[in-house]
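These notes are about the structure you will find just below.
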Amino acid sequence: MRLKKKGKAYIFRRFFYACMLLLGLLGTFRAQAAPPIEIQSEVLEQVIDGNTEFIFDASSMHTVQTIQAVTEWREPDGEPFSKGLDEGVMWLRFRLVNPTNQSEERALQFSNGHADRLTVWITDENSGTEKFEIGQDAPLQERPIKHFIPRVPIRVDAGAQKSVVLRIEDEGTMSGSLQLAKLDILQSQEMSSHLVTGLMTGIFGLMGIYAFALFLWLRKPIFGWLSALAICSLLQWMVFNWGEAGLLVPVESRAWLTNRLIIVFLSGSVFCTFLFYVEACSLRVRFPRLSKLILWFAWFELSNAFLVFVLPYIQSVRILFFGAVGFLALVCAVLY
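Just so you know, we're using my numbering here: the sequence shown kicks off at 39 and counts up by one.
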């Protein structure tokens, strides 16, 4: 009787091991599902989202077009990856193959510079794994390429293959494209970006100074609110749209504080916009009740600049979007 029990246990263990082996083989096959990215000497720039697999750690993470939680590696099917307004972690992976007879050097760029924490592992089949920290919480001087936008140098020898894994963590919405290009190509693309940034900085700065001078001279509130709107828009552009002003924040609290400064300056811009149009269109006289509603939204949005340091970050983002109702009322009043 005891031998019979041992025989059943032996058969059960063998069956269990066979199932585990089968799952392992299926997992290996699944890991190779996404096609590798071939590096060609004549191709100086590639967007590689279509060759990327991703997975979200938390159950609240979603893809763009699906609502079910992703619990295994899967291909994005050409769609951009994104997560909603929930704090969480996203993993990305892909493979690089160099079919040429010479080594190729590229820079991998994650286009979103506001990633709170971003870690990259690059595994070579011969030399092991390299690890890079290039998120907002990483000091600029410690990044492999000293730049605000996360970049990692990659060198693939002739006929060799490398595997790349990214771990991205952020408080809010997170999306972006992966770009593989020559470093000088990426640097040349920045010339137009910095030109636009300088132009916008000059416009907002001069508008703020000129409107403030008119306010001091004519003592009309409309120019005071126009000056405040220009200054808030300038700060919003520097921290959010351009983003590199976030490097001025101490690295110990850069990711946390920069996220909240974005809300502060966006809330300030919304508040000044409401007050400027109320004064410009004389809404206090023409539509006193509607004006009170619009001013209520304005002060509610301004309070968000302080609540963001108390409430969860996601709640402050939702409060900011709630101001669209006030903008709708404002637009109706202005058009009338």
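We put the CB at the ideal spot given by N, CA and C, even for glycine.
The DSSP-derived three-state label of Ser231 is helix. Between the beta-carbon of Ala249 and that of Ser271 there is about 12 Å, and that puts the pair past the 8 Å contact cut. Fewer than three Cβ pairs drawn from the segment 159-179 and the segment 209-223 lie within less than 8 Å of each other, which leaves the two stretches out of contact. Among the bridge pairs identified by DSSP, Lys200 is matched with Leu134 and Asp162. If you draw a straight line from the Cα of Lys200 to the Cα of Arg133, it comes to about 6 Å. Taking the CA atoms as reference points, Phe278 sits about 17 Å from Ser291.
Judged by beta-carbon spacing, Ile223 lies within the 8 Å limit of Leu82, meaning their Cβ atoms are closer than that value. Pairing Val203 with Asp195, the inter-Cα distance amounts to about 19 Å.
Here the alpha carbon of Tyr351 sits roughly 37 Å from the alpha carbon of Leu254. Excluding residues up to 5 positions away in sequence, Glu317 and Ala318 lie with their Cβ nearer than 6 Å to the Cβ of Ile260 in the same chain. The three-state secondary structure of Lys330, taken from DSSP, is helix. The C-alpha of Arg356 lies about 48 Å from the C-alpha of Ser141. With fewer than 16 neighbouring CB atoms inside 10 Å of its own CB, His232 falls in the exposed class.
It is roughly 21 Å from the alpha-carbon of Ser320 to the alpha-carbon of Glu339.
By the neighbour-count criterion, in which a residue is buried when 16 or more other Cβ atoms sit within 10 angstroms of its Cβ, Gln179 is exposed.
Around the beta-carbon of Trp280, 16 or more other beta-carbon atoms lie within 10 Å, marking it buried. Straight through space, the alpha carbons of Pro288 and Phe303 are spaced by roughly 18 Å.
Asp208 places its beta carbon 8 Å or farther from that of Ala283. In the three-state DSSP reduction, Pro259 falls in the helix class (H, G or I). With at least 16 other beta carbons inside 10 angstroms of its own, Cys310 counts as buried. The alpha-carbon separation between Arg155 and Ala145 amounts to approximately 19 Å. For Phe365, there is no enclosing beta strand (DSSP E); the enclosing alpha helix (DSSP H) has its first and last residue at Tyr351 to Leu373. Annotation: Gly240 to Trp334 spans about 32 Å, alpha carbon to alpha carbon. Distance from the CA of Phe170 to the CA of Thr157, rounded to the nearest whole angstrom, comes to 6 Å. Around the C-beta of Val363, fewer than 16 other C-beta atoms lie within 10 Å, and the residue is accordingly described as exposed. Residue pairing by DSSP places Lys169 opposite Trp159 in a beta bridge.
The beta carbons of Ile301 and Ser354 sit closer together than 8 Å. For the alpha helix (DSSP H) assignment, the uninterrupted runs of no fewer than 4 residues enclosed by the segment 233-303 are, from N- to C-terminal side, 259-274.
For Phe325, the secondary structure class from DSSP, reduced to helix, strand or coil, is coil. The criterion of a C-beta distance shorter than 8 Å is satisfied by Met245 and Ala268. Taking the CA atoms as reference points, Gln225 sits about 44 Å from Ala367.
A direct Cα-to-Cα measurement between Lys184 and Ala336 gives close to 40 Å.
With respect to Pro182, Gln147 sits apart: the two C-beta atoms are not nearer than 8 Å. With a 10 Å radius around the Cβ and a threshold of 16 neighbouring Cβ atoms, Val346 comes out buried.
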